Amino acid sequence: MAILVSREAHMKRRRTLGNFLGGLAAVVASAFTLIFPLAASAGSTLYGATGSGGVLSVLYTIDKATGAGTAIGPIGFNVSGIAFDPTTGILYGLSGNREAGAPELITINPTTGAGTLVGTVTAIPGGYADITFDAAGQLYGFNEPGCDCLVRIDKATAAVTFVGPTTPSATSGLAFSNAGTLYLDGVGSLRILDPVTGAVTSTISPFSRPVAMGMDFDENDILYGLERLGNGPSGPRNLVTINTANGAVTTIGATVPGLDALAFEKNQPPVALCRNVTVSTDLGVCSAASASVDNGSSDPDGGPITLAQTPAGPYFLGSTPVTLTVTDDKGASASCEAIVTVVDTAKPVVACVPSVNPSGKNVPKANNTNEDGFYMVLTSDNCTPPVIKIGSFTLAGGETIKITQTPGMSGVRLVGTMGQPAIKHFQVGPDDAVITATDGAGNQASVTCLVPPPPK
Ligand SMILES: [Ca+2]
Ligand SMILES: [Ca+2]
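Sequential numbering of the sequence shown, starting at 1120, is according to the numbering used here.
Spelled out as structure tokens, the structure:
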């Protein structure tokens, strides 16, 4: 079973399954069980934006292995920093570099590149070199030139709050590591800032190369940056990694000229949630075609997920261990294990059919009087051959018996056997005979044999 579902459709499907299961007589969802949850991360995407020289920016995806860029589309603003909000997955940009007017905070559609204005950043004069989010979704920016300071930015209103001055100025990139350390690059070195005061707490060894512009950490906490080999919109750039321990710069490859900002969209793996489920057999068979152990698996990024349950249905009577694998739209997956239990809740079918005297005489008539009292007992069940009884006597499926009504007595008595087939002859009273059939799960059905009254 592999179904690509949006979150909404996924919930709808779960409701539909719930309705289906709810319609069966005995559905028991056992206590929540989550066994062996596994997750595999995959699919972080590096985005870059041009904008050097104050031109209107274009959004790119950047191959983090080669530096090659693929244009997505024009942003419609000049941005000097971009960053994904880890709590919402929304891409933000800060425009209005030193070459333009008042800085503008925008959101950027990663699919089209189009920017949408959030608000104008006016409280503190100056431009912004770069922006970055902390793990809680607080946006920080580095104002430069201007106050040469760290600021917090309200991502909903673009209002800025002064954090503190940082020396030296003339910086270019700002990024939180996944571990929560705030780094600043430019003027020849990588630095660590205190996000509470803006003060430099550590200066890593100076860069041997002109690393400047935007930077960001990937999902493995590797810091990527840009080497500026020329100024202006066509200034050549190399995509590089920067060793945060010693400042060593490693070239990955040439990237988009004029690139000014980098941001990783750090895909989060989906969350697999399982539960043990107990379902009834489907109509007429001893198995259930489907039974989902999904207990609301989802992707924290809000994207569509694919559910695959192994083994897939049908599930047969008893318990089957299954693995549910949840895969997100970036290829990251998670899995969990649970038990599908199928129970037989379907009653057997039992019939008491007027039959012929094995002597070949007295074939019963359509008016069902069956005066000789011969019957064939017939049963079937979706799972197990039922146990057939008349009173406390066990019969075989397809067995022919003779029943005589004894109004004066209650209960079932075996009178004896008749003829070569050893047909059992029962006396039943005071009313008609009842045949019961019980399947292996204890489900019971019964039928009344309309026994002819005794001859008067
Ligand atoms: Ca995801
Ligand atoms: Ca049954």
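Cβ atoms here follow ideal geometry from the backbone N, Cα and C, with glycine treated the same way. These numbers were taken from a predicted model, which means no experiment stands behind them.
Test item: CB-CB of S1171 and P1352 under 7 Å: Closer than 7 Å, so yes.
Where the beta strand (DSSP E) containing G1256 begins and where it ends: Secondary structure note for G1256: it is in no beta strand (DSSP E), with a DSSP letter that is neither H nor E.
Cβ neighbour criterion (16 or more within 10 Å) applied to N1562: Buried, since its Cβ has 16 or more Cβ neighbours within 10 Å.
The stretch 1407 to 1427 contacting the stretch 1187 to 1200, beta-carbon criterion three pairs below 8 Å: As far as the Cβ criterion goes, the stretch 1407 to 1427 does not touch the stretch 1187 to 1200, which means the pair count is below three.
Where M1130 sits in the DSSP three-state scheme: At M1130, the pLDDT of 35 sits below 50, so the modelled position is not reliable and the matter cannot be decided from this model.
Rounded straight-line distance, which links the Cα of A1515 to that of A1485: Because A1485 sits at a pLDDT of 48, beneath the cut-off of 50, its placement in the model cannot be relied upon, and the following sentence gives the value as read from the coordinates. Within the model, the alpha-carbon separation for A1485 versus A1515 is close to 26 Å.
Proximity to A1202 [Cα-Cα], best of K1385, V1306, G1188, G1305: Here the closest residue by C-alpha is K1385.
The stretch 1286 to 1302 contacting the stretch 1339 to 1352, beta-carbon criterion three pairs below 8 Å: Touching, yes, given that three or more Cβ pairs across the two stretches are closer than 8 Å.
Neighbourhood of T1567 by C-beta distance below 6 Å, restricted to the same chain and skipping five residues each side: So the qualifying residues of the chain are D1551, V1553.
Delimiting residues of the beta strand (DSSP E) encompassing C1455: Note, C1455: beta strand (DSSP E), 1452 to 1462.
Inter-residue spacing [alpha-carbon to alpha-carbon] between G1292 and G1200: Rounded to whole angstroms, G1292 to G1200 spans 8 Å at the Cα level.
Contact under 7 Å by Cβ, T1442 with S1454: By the CB criterion at 7 Å, T1442 and S1454 fall inside the cutoff.
D1558: CB within 6 Å of a non-hydrogen atom of ligand 2: For ligand 2, at least one heavy atom lies less than 6 Å from the Cβ of D1558.
Contact under 7 Å by Cβ, D1463 with L1426: With respect to the 7 Å criterion, D1463 and L1426 are not classified as neighbours on the basis of their beta carbons.
Minimum C-alpha distance to N1262 - residue among F1252, A1255, V1282, K1274: Ranked by how close their Cα comes to the Cα of N1262, the residues F1252, A1255, V1282, K1274 have V1282 in first place.
A1391 vs P1467 beta-carbon contact at 7 Å: Their beta carbons are not under 7 Å apart, which means A1391 does not touch P1467 by this criterion.
Rounded straight-line distance, which links the Cα of R1347 to that of T1152: Because the pLDDT at T1152 is just 37, under 50, the model does not fix this residue reliably, and the point stays unresolved.
3 or more residues per run - each beta strand (DSSP E) lying fully within the stretch 1150 to 1214: Here the runs fully enclosed are 1154 to 1159, 1164 to 1169, 1177 to 1181, 1188 to 1193, 1198 to 1203, 1210 to 1214.
Of the residues D1448, R1328, D1253, the one placed nearest Y1302, counting alpha carbons only: Ranking the options by Cα distance to Y1302, first place goes to D1253.
Nearest-angstrom Cβ-Cβ length linking D1418 and D1447, presumed shorter than 8 Å: Contact flag correct, Cβ pair sits at about 5 Å.
Proximity test, D1337 beta-carbon vs ligand 1 heavy atom, cut-off 6 Å: Not so, every heavy atom of ligand 1 lies at least 6 Å from the Cβ.
Same chain only: Cβ atoms within 6 Å of P1325, ignoring 5 sequence neighbours per side: Within the same chain, Cβ atoms closer than 6 Å to the Cβ of P1325 are found at G1307, S1308, the five residues on either side in sequence being excluded.
Unbroken stretches of the alpha helix (DSSP H), 4 residues or longer, contained in the stretch 1259 to 1312: Here no run is fully enclosed.
Given N1365 as reference, the closest of P1526, S1327, V1496 once Cα atoms are compared: The shortest C-alpha separation from N1365 is found at S1327.
Nearest-angstrom Cα separation, counted from T1513 out to I1507: Their Cα atoms are separated by approximately 6 Å.
Near ligand 1: N1297 beta-carbon under 6 Å from a heavy atom: No, the Cβ of N1297 stays beyond 6 Å of every heavy atom of ligand 1.
Inter-residue Cα distance where the pair is P1222 and G1212: Cα to Cα, the separation comes out at about 10 Å.
Endpoints, beta strand (DSSP E) assigned at V1390: V1390 -> no beta strand (DSSP E), and no H or E assigned at all.
Beta-carbon spacing of A1198, L1224 below 7 Å: For clarity, residue 1198 is Val in the given sequence; the question names Ala instead. Cβ distance not < 7 Å, so V1198 and L1224 don't count as in contact.
Residues that DSSP places opposite F1326 in a beta bridge: According to DSSP, which records beta bridges pairwise, F1326 is partnered with nothing at all.
V1319 versus T1290 - alpha carbon distance: When the Cα atoms are used, V1319 and T1290 turn out to be separated by approximately 12 Å.
First and last residue of the uninterrupted beta strand (DSSP E) at S1565: It spans 1563 to 1568 - the beta strand (DSSP E) in which S1565 sits, taken as one unbroken run.
Cβ-based burial, G1403 [other Cβ within 10 Å; buried from 16]: Burial is judged here by how many other beta carbons sit within 10 angstroms of a residue's own beta carbon; G1403 has fewer than 16 and is exposed.
Cross-strand partners of C1471 (DSSP beta bridge): As a beta-bridge residue in DSSP terms, C1471 pairs with V1496.
Inter-residue Cα distance where the pair is A1465 and P1430: A1465 and P1430 have their C-alpha atoms spaced approximately 24 Å apart.
Endpoints, the beta strand (DSSP E) within which M1537 is located: From DSSP, the beta strand (DSSP E) with M1537 extends over 1530 to 1537.
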